[in-house]
Amino acid sequence: MKILVINAGSSSLKYQLIDMNGEVLIAKGLCDRIGVPENSNIEHKAGDVKVAKDIPMPTHVEAFEAVIEALTTGEGKVIDDISEISAIGHRVVQGGNLYGESVLIDDKVLADIEQLAELAPLHNPAHALAMRACRKVFGENVPQVATFDTAFHQTMPEKAYMYGIPYEYYEKYAIRRYGAHGTSHRFVSGRLAELLGNKDLRVITCHLGNGCSISAVKNGECVDTSMGLTPLDGFMMGTRSGGLDPSVVTYIMEKDGTSPAEMNSILNKKSGLLGISGVSNDSRDVIAAGEAGNKRAKLAFEMQNYQIGKFVGSYAAAMGGVDAIVFTGGIGENESRARKYIANMTEFLGFTLDDEKNAIRGKEIEISTPDSKVKVWVIPTNEELLIARDTLAIVSK
Ligand code: ADP
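Quick note: the sequence shown uses my numbering, first residue 4, plus one each step.
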């Protein structure tokens, strides 16, 4: 069975076609600048073949038509006909407290996703648009499944997801911690359980990319996570501030007359590694600048990893100990210096890093020594595969 996995934004659409027979990636690509037809284009990859084409895409409908054309014709052709696509799985950023697992998309689910746009204004409306466009292009009979980034975190207890503000805001606006990157935390914690042959573990999963989050996963269930109502909470990221004294926000707004929209932009786009270093949001540039003597870049690297170390310590406390730590995401999978910093800071928890193994990049590998009490692993994430697996499971029912 072949499943098309979709990650749709308001102006972009990423796709992967996965053959579930052997879980093989057949093709993937990106439609960009949807809504700007004079500039929109598709980049399609099938094995070593790369195809790039400018195609007018006024809406997501034309984007899906371009995807079908790329999959069924020309150099990047991998299937004869769209009827070979049995189901479509969508990544959805926000499922609120309505969805604790993936679901088959029907009118009620679509309406819920649209209604939850209040909590994810940039993402949920785009997901709904893409789902409707899929119905139009692939037909009503091709089943579509939604996999929510927040679903894995729905097992958090109240004490972990509530904020210490008047209770009425939870009742009025459903303000609470929802978390994000749930599909990634679920994938790597599930993969670790498989590798160790044991699900009853206290695991700290560190998804460190441009956006970063850490989860505490006990016996396969998330008990706490660092991202909050939005993906701004937690610790310093590429361009996001992470958690800070909320008074900092009101102080700046009062001093500079900053509007809520401007403040949002400062905290989401101009902070983090970029805001502190003034160099870049990319950890590679920041580390290189720091090593070349740039003090603010060095500080940015230290701040991010110090904050991560503190989260690891606090999640060990949340679970009454820790059996394993997993690193994933662009930084987590590749950046040995970040892992080393975090490991040095939290070594007291009972693990020893194998420096030679830690130097290896981008591979599934245990990087702690064989006698280490706490296991430390690098596990490359694969959210698309998990979406495809959920889709297969739901449509096979
Ligand atoms: P996103 O969160 O946007 O999906 P990624 O997971 O790709 O992004 O993470 C981006 C971060 O990972 C950047 O800070 C980048 O510097 C870092 N990164 C990606 N690849 C490497 C690599 N090969 N070596 C070191 N750092 C890397």
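Ideal Cβ positions, reconstructed from N, Cα and C, are used throughout, including at glycine. Computed from a prediction, not measured in an experiment: that's the story for all the values here.
Assumed close pair Asn-284, Thr-242 - CB separation to whole angstroms, cut-off 8 Å:
In the sequence shown, residue 284 corresponds to position 281, counting from 1. In the sequence shown, residue 242 corresponds to position 239, counting from 1. Confirmed, Cβ separation roughly 5 Å.
Just checking, does the region 73-80 make contact with the region 110-117 on the three C-beta pairs under 8 Å criterion?
No, they do not touch.
Cα-Cα, which of Tyr-181, Met-159 and Thr-62 is closest to Met-134?
On the sequence shown, residue 134 is found 131 positions in, with the first residue counted as 1. Comparing Cα-Cα distances from Met-134 to each of Tyr-181, Met-159 and Thr-62, the minimum goes to Thr-62.
Cutting at 6 Å between CB atoms, please list the residues of its own chain near Ala-163, excluding the five before and the five after it.
Position 160 of the sequence shown, counted from the first residue, corresponds to residue 163. These residues qualify, in order along the chain: Asp-227.
Residues bridged to Thr-150 (per DSSP):
Your numbering for residue 150 matches position 147 in the sequence shown. DSSP output for Thr-150 lists Arg-94 as bridge partner(s).
Using the C-alpha atoms, what's the distance from Val-81 back to Gly-245?
As a working note, residue 245 is residue 242 in the sequence shown. As a working note, residue 81 is residue 78 in the sequence shown. Each residue's Cα considered, the two are about 42 Å apart.
List the residues that DSSP assigns as beta-bridge partners of Gly-307.
Within the sequence shown, residue 307 is the residue found at index 304, counting from 1. With the sequence shown as reference, residue 307 is identified as Gln, and Gly is not the correct amino acid for it. Answer by DSSP bridge pairing: none, since Gln-307 is not bridged.
In terms of residue numbering, what span does the beta strand (DSSP E) encompassing Asn-10 cover?
To locate residue 10, count along the sequence shown from 1; it is residue 7. Unbroken beta strand (DSSP E) run through Asn-10: 5-11.
Counting Cβ pairs, one atom from each stretch, are 3 or more of them under 8 Å apart for the region 82-101 and the region 44-62?
no
Would you call Asp-393 buried or exposed, if buried means 16 or more other Cβ atoms sit within 10 Å of its Cβ?
The residue you call residue 393 lines up with position 390 of the sequence shown. Answer is buried; the Cβ neighbour count reaches 16.
DSSP beta-bridge partners for Val-289?
Locating residue 289 in the sequence shown gives position 286, counting from the first residue. Looking at the DSSP assignment, Val-289 forms no beta bridge with any residue, so it has no partner.
Over the uninterrupted alpha helix (DSSP H) stretch that includes His-188, give me the two end residues.
By 1-based counting over the sequence shown, the position of residue 188 is 185. Start and end: 185-199.
What separation, rounded to the nearest whole angstrom, lies between the Cα atoms of Ile-311 and Ala-123?
Position 308 of the sequence shown, counting from 1, holds the residue named residue 311. Position 120 of the sequence shown, counting from 1, holds the residue named residue 123. For Ile-311 and Ala-123, the distance between alpha carbons rounds to 25 Å.
Just to be sure I understand the criterion: a residue counts if its Cβ is closer than 5 Å to at least one heavy atom of the ligand ADP. Which residues meet that?
Gly-212, Asn-213, Gly-214, Asp-285, Ser-286, Arg-287, Gly-332, Gly-333, Ile-334, Asn-337 and Glu-338
With a threshold of 7 Å on Cβ separation, who are the neighbours of Leu-28 within its own chain once the five nearest residues in sequence on each side are excluded?
To locate residue 28, count along the sequence shown from 1; it is residue 25. Within the same chain, Leu-28 has close Cβ partners Gln-19 and Ile-21.
For the 8 Å Cβ check, are there 3 or more pairs between the region 144-162 and the region 275-295?
no
Under the three-state DSSP convention, the category Asp-109 falls into:
Within the sequence shown, numbered from 1, the residue matching residue 109 stands at position 106. Three-state DSSP puts Asp-109 in coil, outside helix and strand.
Close-in-space but distant-in-sequence residues of the same chain around Ala-11 (CB under 6 Å, 5 per side omitted):
Along the sequence shown, read from residue 1 onward, the residue named residue 11 stands at position 8. Around Ala-11: Ala-129, His-130 and Ala-133.
From Phe-304, Val-191, Gly-214 and Gly-335, pick the residue whose C-alpha is nearest to that of Val-220; which is it?
Position 217 of the sequence shown holds residue 220. If we check each option's Cα against that of Val-220, Val-191 comes out closest.
Coarse secondary structure for Ile-390, derived from DSSP in three states:
To locate residue 390, count along the sequence shown from 1; it is residue 387. Ile-390 falls in the helix class under three-state DSSP.
Closest to Tyr-86 by C-alpha separation, out of Cys-34, Ser-216, Val-145 and Gly-353, would be which residue?
Numbered from 1 along the sequence shown, position 83 holds the residue referred to as residue 86. Going by the sequence as given, residue 86 is Ser instead of Tyr. Residue nearest to Ser-86 within the set Cys-34, Ser-216, Val-145 and Gly-353 is Val-145 (criterion: CA-CA distance).
Contacting residues, own chain, Cβ-Cβ under 7 Å from Ala-300 (five flanking each side not counted)
In the sequence shown, counting from the first residue as 1, residue 300 sits at position 297. Excluding positions up to five away in sequence, the list reads Ser-280, Val-282, Val-289, Ala-292 and Gly-293.
Let's test the definition: count the other Cβ atoms within 10 Å of the Cβ of Tyr-176 and tell me whether it reaches 16, buried, or not, exposed.
Residue 176 sits at position 173 when you count from the first residue of the sequence shown. Exposed.
Keeping to the same chain, check which residues put their C-beta closer than 6 Å to that of Cys-209; ignore five residues upstream and five downstream.
Taking the first residue of the sequence shown as 1, we reach residue 209 at position 206. Ile-217, Phe-330 and Gly-335.
Less than 8 Å between the CB atoms is what I'm expecting for Glu-338 and Ser-286, so what's the real figure, rounded?
The sequence position of residue 338 within the sequence shown is 335, counting from 1. The sequence position of residue 286 within the sequence shown is 283, counting from 1. With a Cβ gap of about 6 Å, Glu-338 and Ser-286 count as contacting.
Say yes only if the C-beta of Val-54 is nearer than 6 Å to one or more non-hydrogen atoms of the ligand GTP, and no if none qualify.
Ligands displayed in this structure: the ligand ADP; the ligand GTP is not among them.
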